[in-house]
Each structure stands twice: as C-alpha cells, then as structure tokens.
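Following our numbering, the numbering of the sequence shown begins with 2 at its first residue and continues without gaps.
Quick reminder that beta carbons are idealized off the backbone N, C-alpha and C, glycines included.
The structure presented is a predicted model; accordingly, all values stated were derived computationally and were not measured.
Each remark here refers to the structure printed beneath this line.
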Amino acid sequence: MTVPPPIVAPSILAADFSRLAEEVRAVEDAADWLHVDVMDNHFVPNLTIGLPVVQSLRAATKLPFDVHLMITDPKRWAPGYADAGAYNVTFHAEACDDPVALARDLRAAGAKAGLAIDRDTPIEPYLDLLPSFDTLLVMTIKAGFGGQRFLPQLLDKVRTARRHVDAGHLELRIEVDGGIAADTIEQAAAAGADAFVAGTAVYGADDPAEAVRRLRGLAERAAAGA
Ligand code: DX5
Ligand code: ZN
Numbered sequence: 002m003t004v005p006p007p008i009v010a011p012s013i014l015a016a017d018f019s020r021l022a023e024e025v026r027a028v029e030d031a032a033d034w035l036h037v038d039v040m041d042n043h044f045v046p047n048l049t050i051g052l053p054v055v056q057s058l059r060a061a062t063k064l065p066f067d068v069h070l071m072i073t074d075p076k077r078w079a080p081g082y083a084d085a086g087a088y089n090v091t092f093h094a095e096a097c098d099d100p101v102a103l104a105r106d107l108r109a110a111g112a113k114a115g116l117a118i119d120r121d122t123p124i125e126p127y128l129d130l131l132p133s134f135d136t137l138l139v140m141t142i143k144a145g146f147g148g149q150r151f152l153p154q155l156l157d158k159v160r161t162a163r164r165h166v167d168a169g170h171l172e173l174r175i176e177v178d179g180g181i182a183a184d185t186i187e188q189a190a191a192a193g194a195d196a197f198v199a200g201t202a203v204y205g206a207d208d209p210a211e212a213v214r215r216l217r218g219l220a221e222r223a224a225a226g227a
C-alpha cells in the first residue's frame, strides 16, 4: 500500500498571536494545512482562540484549516467550525460519547472529520470507528501546551493504526501532534504517520517556510525507507 505524500501542518499555537495573519502568510506557500489549536481551559488547562478568530483568519489565507478542538462538549461546538470553512475538524475521543454521530454531522456540514487520541488513551477501542473518519490524530505529547518533549512510546499507537488502516484499505490520514521536529519526524513517519503538526519547530525557526519544507523532506525520505 502506498502512503500518500506527507502533509505538514504548522501549528499557529507557536506563532505570535498579535500578528496572526502575517504569521500564517509566512507559511502560505510551504504548508499543506494550517493547524489551529482551540483550547477551552476545561478539557485542557489552557485557553487559546475560538470561532471568531478562526472566522477572521479564514479570510486571511487560502490554506486549508486543520482545526484541533481540545474542548469539552465538541458536539455543541464542532459543527460551527465546519460552517466557518474549516477543511478538517478534529475533536477528542475523550470528550465525546458518540464520535461516529459527530463525525457524520461534520461531514454533513462539509468538513472532513478527525478523531484525536490523547496521551493516556489507548487506540484499540477506536479502531472500528475509523471508517467514519478522515483523519486520526495521535497525540505524541499530553494535549494542552506547545513546546513539550516528544514521547516516542506513543508511536506504538501510530503503528497499530497504520496496520489497521492498511489492512482495511481505509482512506484516512494518520496525523501526529506534539514535539514534531527535525529530530523526531522521521521516526513518526517510519511508524506510519502521514500528516505532521509542528508548532515550535516551524515558528521557532528563523525561516518558518524553510522549516516546513525541511520537515516534509525528512518525512518523505523516512516514508520511502519505511
Ligand atoms: C498541543 C497542540 C499542538 C501544539 C504542538 O496540545 O495540540 O498542536 O501546537 O506544539 P509543538 O509542535 O511545539 O509540540
Ligand atoms: Zn494540535
């Protein structure tokens, strides 16, 4: 089975929030998706941005939005992001009683549907739900903050998901989020990830666009050798 070309999604969590549009434009020609972390200070102990900012930002770039909802009650809020033009809306398995129903709502609203699995959540109970989803986001840190150290043991979940996706011929992106940088992206790609979120590694670099291209090159090479 051939893995599709890797997606690199810079996370604006690591950008300068006072200059968001400019920061997004800095990666416009290099990135595949723009990763937007929505945190509500309930599901995670951090607070970022919500729908009004996403709506404003939507007009400032052509990049597809990969919205990562780290919020409680995603059933109530997630479809609003699809309505705002998000390309993919990912919510957390831990926050939702009926993930398949919410995935259906998101697809009906015109978005792709993503399921996120946090650090302490096993993947096995969710494997049979994957045909209802377009993306599976495996956290490689504990969700909540950027700049944390990558946890390589969480790649076992990526390997399990990759085997399941390939065996079932599912059309699903396996995305990793947390601590993805030049020194970690190759192991994530070799484990079977094909979409990579990077905050600090992109916006902490002198040239964010160049950092995106470099990460994609490393992922491509590792996937080819995997
Ligand atoms: C954290 C967010 C990540 C964050 C990753 O919960 O979901 O998207 O921006 O940041 P880095 O790449 O710095 O680990
Ligand atoms: Zn994220």
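For Val203, the CB stays at least 7 Å from every heavy atom of the ligand ZN. Taking Lys158 as the centre and dropping the five residues before and after it, the same chain places the C-beta of Ile118, Ile124 and Val139 closer than 7 Å to its C-beta, in chain order. Approximately 11 Å separates the beta-carbon atoms of Val54 and Phe66; this is outside 8 Å, ruling out the contact. For Arg77, the uninterrupted alpha helix (DSSP H) segment begins and ends at Pro75 to Asp84. The closest CA to that of Glu23, considering only Ala60, Ala110 and Thr136, is found on Ala60.
Ala210 sits away from Thr141, with the two beta carbons spaced by 8 Å or more. Secondary-structure assignment with DSSP links Asn89 through a beta bridge to Asp67 and Lys113. Any heavy atom of the ligand ZN counts here; residues with a Cβ closer than 6 Å to one of them, in chain order, are Ser12, His36, Asp38, His69, Asp178 and Val198. Phe197 and Asp178 have their C-alpha atoms roughly 6 Å apart. For Arg174, the pairing in a beta bridge is given by DSSP as Thr136. Taking all protein chains in view, the Cβ of Ala225 is surrounded by fewer than 16 other Cβ atoms within 10 Å, so the residue is classified as exposed.
Per DSSP, the unbroken alpha helix (DSSP H) holding Asp157 starts and ends at Leu156 to Ala168. Per DSSP, the beta bridge partners of Leu48 are Asp41. Rounded to whole angstroms, His170 and Val39 show a C-alpha spacing of 31 Å. For Ile181, the shortest separation between its Cβ and any heavy atom of the ligand DX5 lies below 7 Å.
The distance from the Cβ of Lys113 to that of Tyr88 is about 6 Å, consistent with a contact at the 8 Å cut-off. The ligand DX5 has a heavy atom closer than 7 Å to the beta-carbon of Ala144. Excluding residues up to 5 positions away in sequence, Phe44, Thr73 and Pro75 lie with their Cβ nearer than 6 Å to the Cβ of Ala96 in the same chain.
DSSP, reduced to helix, strand and coil, places Val28 outside both helices and strands of the structure shown, so it counts as coil. Remark: the shortest separation between the CB of Gly81 and any heavy atom of the ligand DX5 does not fall under 7 Å.
Where Ala225 is concerned, the enclosing alpha helix (DSSP H) starts and stops at Pro209 to Gly226. Rounded to whole angstroms, the separation of the alpha carbons of Phe151 and Gly86 is 31 Å.
Rounded to the nearest angstrom, the Cβ distance from Ala192 to Leu219 is 14 Å, too far for a contact under 8 Å.
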